Amino acid sequence: MAERHLHIVSFDVPWPPDYGGVIDVYYKAKALSELGVRVHLHCFEYGRRPAPELDRLCVSVDYYHRNSSKHLLFSGLPYVVVSRRNEELVERLLQDDHPIVFEGLHSCYFLGDPRLQGRRRAVRAHNVEHDYYAALAKAERSAFRKAYFINEARKLERFEPVMSEADHIIAISPKDQAYFQSRFGRAEHVPAFHACGRIEVPGGLGDFALYHGALSVPENDQAALFLVREVFPGLSVRLIIAGSGASTELRRAVEAAPNVELREGIPTEEIHRLVREAQVNVLPTFQATGIKLKLLLCLFTGRHIVCNTAMVKDTGLEEVCMVHDDPETMRLSILACMSRPANGSTLEKRTRVLEERFNNRRNAEHLARIVLG
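Counted the way the working numbering counts, the sequence shown spans residues 8 to 380.
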């Protein structure tokens, strides 16, 4: 059987796989490698170091400097795209004729480059990016950052037609697939890749609730503030908030809440342990874009999940979470979960839904058929 080779152009170094986008990239590369696909990984570097762990998955790993010059903010192209313009990348891609997957619109500067005409090219769409950036603007409190997100959203919407150059658009959610299919055609849905091989939910009862996320992201900071101010006041349940980059406003809110604890800067392994040990993983969001990888982690390894509609909208996971949109019903649901083990029919339904849709190996086989033929 002939060797199958694939280039993956990643917007960031996907190690450690500790936030949404890079989780999908890392476990996708891992699953493809386990199928025998020879993965050539290209990573833009801006804060994360080269990772020897990636060499164990990939035939080759190359790193490229991301230009963080503020002058690029005045470009007509989105900053997240033009800052990843690097000729070394396209020169390496031109050394063979293997198919290419561009991870997110961020990495698509060379998607329409005439030098790549005739190559099989695909885009892994992690979000409808201009919607995502518009939602970040709504959640942002800094005037400068709000203006940046608004401007970037406009530029991303103008740049998005470059996706018509792709042979395939591989959407992360059914909702995004419908959007890209209506605009460009050739859109397929391949669910998010993730860290969990099987469902491993602990028995017994935990004694706390958990919210986790990158708190430097405005939507996560906003969700944590919602829990501290509107859901947990007066509740006889301890809440742990785990993540990095909490705002001053969130830190002050936690200091004033006797039943809330903030744990910042803890390693990924510690967050995974907290997800397993919590009795309830509480996951509100105010941004219904893509799919949240932390939701999958909680479903595979955590006990009960209480969230709002925006967290599960159009994901097919509504039936395996307790979904509430107002603080009072969320409070009541959390209280009810604290004395109830996660077992029986609850886990049977979760197992059926997750194994059908979020099996990494099966989804890697689907992706390989799309991109490699």
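Glycine residues also receive a C-beta, built at the ideal position from the N, C-alpha and C atoms.
Treat the numbers as computed from the prediction; the structure is a model and nothing was measured.
Looking at the secondary structure, which residues open and close the beta strand (DSSP E) in which residue i lies?
| i | result |
| --- | --- |
| residue 109 | 107 to 110 |
| residue 390 | Nothing about residue 390 can be read from this structure; the chain reaches only from 8 to 380. |
| residue 45 | 45 to 52 |
| residue 344 | Unbroken run through residue 344 is the alpha helix (DSSP H), 334 to 344; no beta strand (DSSP E). |
| residue 179 | Counting along the chain, residue 179 falls outside any beta strand (DSSP E), and DSSP gives it neither H nor E. |
| residue 247 | 245 to 250 |
| residue 311 | 311 to 314 |
Going by the CB atoms, is the gap between residue j and residue i shorter than 7 angstroms?
| i | j | result |
| --- | --- | --- |
| residue 341 | residue 244 | yes |
| residue 285 | residue 320 | no |
| residue 58 | residue 20 | yes |
| residue 234 | residue 218 | yes |
| residue 70 | residue 94 | no |
| residue 253 | residue 212 | no |
| residue 25 | residue 292 | no |
| residue 85 | residue 143 | no |
| residue 251 | residue 271 | yes |
| residue 201 | residue 181 | no |
| residue 256 | residue 334 | no |
| residue 290 | residue 318 | yes |
| residue 154 | residue 141 | no |
| residue 40 | residue 46 | yes |
| residue 121 | residue 364 | no |
| residue 310 | residue 343 | no |
| residue 13 | residue 44 | yes |
| residue 117 | residue 87 | no |
| residue 61 | residue 22 | yes |
| residue 56 | residue 73 | no |
| residue 229 | residue 146 | yes |
Per DSSP, what kind of secondary structure is residue i in: helix, strand or coil?
| i | result |
| --- | --- |
| residue 170 | helix |
| residue 218 | strand |
| residue 87 | helix |
| residue 100 | helix |
| residue 266 | coil |
| residue 42 | coil |
| residue 134 | coil |
| residue 271 | strand |
| residue 175 | strand |
| residue 129 | strand |
| residue 288 | strand |
| residue 113 | helix |
| residue 208 | coil |
| residue 330 | strand |
| residue 257 | helix |
| residue 93 | coil |
| residue 140 | helix |
| residue 153 | helix |
| residue 2 | Within the shown structure, residues of the chain are numbered from 8 to 380, placing residue 2 beyond reach of any answer. |
| residue 32 | helix |
| residue 147 | coil |
| residue 184 | helix |
Leaving aside the five residues before and after residue i along the sequence, list all residues of the same chain whose C-beta is less than 8 angstroms from its C-beta, in chain order.
| i | result |
| --- | --- |
| residue 268 | 245, 246, 247, 248, 261 |
| residue 129 | 106, 107, 108, 109, 173, 174, 175, 176, 177, 377, 378 |
| residue 337 | 238, 289, 291, 313, 315, 331 |
| residue 329 | 311, 312, 313, 314, 340, 344 |
| residue 79 | 86, 89, 90 |
| residue 75 | 53, 90 |
Just curious, the alpha helix (DSSP H) that residue i is in, first and last residue?
| i | result |
| --- | --- |
| residue 276 | 275 to 284 |
| residue 71 | From DSSP, residue 71 is part of no alpha helix (DSSP H) but of the beta strand (DSSP E) over 67 to 72. |
| residue 307 | 300 to 308 |
| residue 17 | First-last for residue 17: 12 to 17, but that is the beta strand (DSSP E), not the alpha helix (DSSP H). |
| residue 356 | 352 to 364 |
| residue 378 | 367 to 379 |
| residue 229 | 225 to 233 |
| residue 61 | 59 to 62 |
If I measure Cβ to Cβ from residue i and keep anything under 6 angstroms in the same chain, skipping five residues before and after, which residues do I get?
| i | result |
| --- | --- |
| residue 194 | 176, 178, 184, 187, 188 |
| residue 82 | 89 |
| residue 164 | 137 |
| residue 325 | 319 |
For residue i, which residues of its own chain have a beta-carbon under 7 angstroms away from its beta-carbon, when the five flanking residues on both sides are left out?
| i | result |
| --- | --- |
| residue 171 | 191 |
| residue 42 | 371, 372, 375 |
| residue 239 | 246, 264, 266, 267 |
| residue 104 | 126 |
| residue 227 | 220, 221, 250 |
Since residue i and residue j are thought to touch, with beta carbons under 8 angstroms apart, how far apart are those beta carbons, to the nearest angstrom?
| i | j | result |
| --- | --- | --- |
| residue 169 | residue 203 | Rounded, the Cβ-Cβ distance is 34 angstroms, inconsistent with contact. |
| residue 156 | residue 112 | Contact flag wrong, Cβ pair sits at about 15 angstroms. |
| residue 316 | residue 208 | About 23 angstroms; that fails the 8 angstroms criterion. |
| residue 50 | residue 66 | So it is not a contact: roughly 14 angstroms between Cβ atoms. |
| residue 34 | residue 366 | Their Cβ separation, rounded to whole angstroms, is 12 angstroms, which puts residue 34 and residue 366 out of contact at 8 angstroms. |
| residue 327 | residue 306 | 6 angstroms |
| residue 347 | residue 206 | So it is not a contact: roughly 18 angstroms between Cβ atoms. |
Answer yes or no: does any C-beta atom of chain C fall closer than 7 angstroms to that of residue i?
| i | result |
| --- | --- |
| residue 105 | The structure shown has no chain C; it contains just one protein chain. |
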